Every structure is written in structure tokens, then in C-alpha cells.
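K.L.:
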Amino acid sequence: ADKLQPANIPKETIGCKMAALALVLLCAATIMVAPAAADVESHSFPVFNATTTESLWVATNTSIIMPAALLFGPGQSFPEGFLLLPKRVDVWRAGAGGLPTREASFNTSFTVESSAPPVSFVVLLDRFPTLNNPLGLRGSNDSTTGAVPNATDGLAAVEIGTVRSYAPESPNVGLNVTITPNGTAAPGRRAVWVEYNAVAHLLRVYVAAGGEPRPARALLDARLSLAGQGTTQTAFVGFFATRVRDVFLGVRDWDLTVDRLDTDGKKKGTPWWVILIAVLGSVAATAAIVSLVVCSSVSRRRARDMEPKQ
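Quick note on numbering: the sequence shown equals residues -38 to -1, 1 to 272 in mature numbering (1 follows the signal peptide of the UniProt record, and there is no 0).
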């Protein structure tokens, strides 16, 4: 008798196999992703507009605006200020004697228009700067001690410094990474990556043309310990510009991922719901594999039944 050709396999059998295989792959992806998602906190803002800024705050030298979307109303002014996440992120945790035992690593990326004014990615303290500070949000020009790491290429200039908005009480705290696009270069957006390795105490800043992948080599790297910068254990994170409007219009595609720390300075354990997802994913994957085996067995049995009798 002629052998059964693949084209003669019943369609329902093929569909059964494909569905089971897809379920196996989906469950495997869920099992792998769920534990990783529990250890980090992520934020993503493709654009800043009246809708997305409903969940953000603005801090100026004279007021705290909640939500930031209020600035999109008619007749609103745009003073210098910070556009911030409302929830403080983990920076470090103290151990015995109150000394830091662990810091949180973070990765952030965003794009800026080539013609945009300078904009700064900032890590503040766990409180807003004092209102009506006579020194303003940028503080005193002589409040920074030591050389300020900086670098320039054809796309942008990068400067790493501290936040001076809490002067005179705390003149140099947190982190201030200022990006100044090169407006004379080719038009378009500039992609920026700011990565902090808390274990190595190393900050790296990468710059590329918009749409290009992150370069292999950083434009600027600097030794840094955020816990040693007078920074509180949690902090407000966001952007600063001489006009908040410059952040609204100039910054796009902002993504932030930061480690979550437990009270003992370690990464937070996996929540019960993540464990449940992983367990259910494992059970579903097992069931899918069993279904795949059953489908294969039924397919072979049907194939034998369809063979011409001698």
C-alpha cells in the first residue's frame, strides 16, 4: 500500500498540535518573565501630553502641580522645574549602623530633539525642594565641588553632576545628567541611555542618532555611589528643564527600569501572585504537553486506520 502523505493528515489534528505547541511556548515565556518582573520597577512614557501626564507631578520653585496635565490648560505658564514620577523609587537601603548595604541599579533611555534646549535626567531626594528658594532650582554656581565629568561628540554634550535645588542645606545631592543636543549637527532625534551599575558604582551615558541601537562604547562613564551623594533611601525621579514645556515637547520614548529593594537592603522577594503565575504556567505547560502527546497518538492511529487494506 502507498504510504500516507502529509497532505492527508486531518486538519483538526494539525490544529490540535499547533494549539498545544503555542500554549507550551506561551507558558514557558510566562514562567521565565514573571520572576524577573518581580525584581524591578518599570515606567514607560512614549510621549508627554495631557493624557500621559495625568500620572506625573511638576515641581517648580513656587508650586507643586498635581497632576502635571494641568499645565496643558489654556493660559498656563511654563517656568523652570521638574517633571517627576509621583512614586518614589528605591535608591539604597541601610544595614547595621545605618550604613548603606545595597544600592539599586537602574537603566533609563529617552530621545530628545536635536533643536531642543538642554534637558536633565535627575534623581532627587525623597522630598521636594524648598519652595521660594532665593537660590532657585539650579542653586548657586559655586555649590559644586570638584571637576564635573563631561563629554561631547557630534550629536550632543553630556554632563554628570549633582542636584543643587536643596541648597544651602544640602547643596550637592542626587544625580543630574544634562543632555545638550548639538543643534548644528544633522536634524533628527538623539537617543540617550543612562545606566547605573550599583555593584560596580559606575554610571555610563550613551548617545546615538534616533532609531539607532545603543553604541557599544559609552560617551561618558563616571565612578559614582548614589548612597554617597547625600541621597535619601528613596527618591523622586524625572527631568529638569529651564521651562517644563521643554520636557513636554522635547523628550520622547522615556523608559525607566530600577531595582526594587526590600527593607533589609536585598532585592525584594517574589510576590505570591508571581509565584502563582509561575505554578499555573507550569501546570498549563504540562497539560499542553500531554495534549500534544495525545494529539500525536490519535493522529498516528487515524493514519493507520486510513491506510488501504491489503
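We put the CB at the ideal spot given by N, CA and C, even for glycine.
These numbers were taken from a predicted model, which means no experiment stands behind them.
1. Would you give the residue range spanned by the beta strand (DSSP E) that residue 207 belongs to?
2. Do residue 110 and residue 123 count as a contact pair if the criterion is CB distance below 8 Å?
3. Within the same chain, show all residues whose beta-carbon is closer than 8 Å to that of residue 204, passing over the 5 residues directly before and after it, in chain order.
4. Enumerate in chain order the residues of its own chain whose CB-to-CB distance from residue 112 is below 8 Å, with the five nearest sequence positions on each side excluded.
5. For residue 75, count neighbouring C-beta atoms within 10 Å of its own C-beta (all shown protein chains included) and say buried if the count is 16 or more, exposed if not.
6. With three or more C-beta pairs closer than 8 Å as the rule, is the stretch 195 to 202 touching the stretch 34 to 49?
7. Helix, strand or coil: how does DSSP classify residue 180 here?
8. Could you give the distance in angstroms between the alpha-carbon of residue 328 and the alpha-carbon of residue 68?
9. What is the DSSP secondary structure of residue 90, reduced to helix, strand or coil?
10. Might you give, ordered along the chain, the residues of its own chain that have their beta carbon closer than 6 Å to the beta carbon of residue 156, omitting 5 neighbours on each side?
11. Out of curiosity, what's the CA-to-CA distance linking residue 189 and residue 195?
12. Can you tell me which of the three DSSP states residue 25 falls into?
13. Kindly indicate the opening and closing residues of the beta strand (DSSP E) around residue 70.
14. What is the DSSP secondary structure of residue 162, reduced to helix, strand or coil?
15. Taking the beta carbon of residue 148 as the centre, do at least 16 other beta carbons fall within 10 Å, making it buried, or is it exposed?
16. Which residue wins for smallest C-alpha separation from residue 135, given the options 86, 151, 186?
17. Taking the CB atoms as reference points, tell me whether residue 207 and residue 40 lie closer together than 8 Å.
18. Helix, strand or coil for residue 124, going by three-state DSSP, please let me know.
19. Where do the ends of the beta strand (DSSP E) carrying residue 203 lie?
20. Are there any heavy atoms of the ligand FAD lying less than 7 Å away from the beta-carbon of residue 206, as far as the coordinates show?
21. In angstroms with no decimal places, state the Cα-to-Cα distance between residue 235 and residue 146.
22. Give a yes or no on whether the C-beta atoms belonging to residue 53 and residue 33 are separated by under 8 Å.
23. Can you list, in chain order, the residues of its chain with a C-beta nearer than 7 Å to that of residue 14? Leave out the 5 residues immediately preceding and following it.
P.N.:
Taking the structure as given:
1. Where residue 207 is concerned, there is no enclosing beta strand (DSSP E), although the alpha helix (DSSP H) it sits in stretches over 206 to 212.
2. yes
3. 42, 79, 80
4. Correct list, in chain order: 119, 120, 121, 122, 182.
5. buried
6. yes
7. coil
8. Residue 328 lies beyond the stretch modelled for the chain, which goes from -38 to 272, so this question has no answer here.
9. Three-state DSSP puts residue 90 in coil, outside helix and strand.
10. 70, 83, 139, 167
11. 8 Å
12. coil
13. 68 to 75
14. coil
15. exposed
16. 86
17. yes
18. strand
19. 199 to 203
20. The model on display carries no ligand, and the ligand FAD is accordingly not part of it.
21. In this predicted model, residue 235 has a pLDDT of only 40, less than 50, meaning its place in the structure is not dependable; the value taken from the coordinates is given anyway. Those two C-alpha atoms are separated by around 51 Å.
22. no
23. 7
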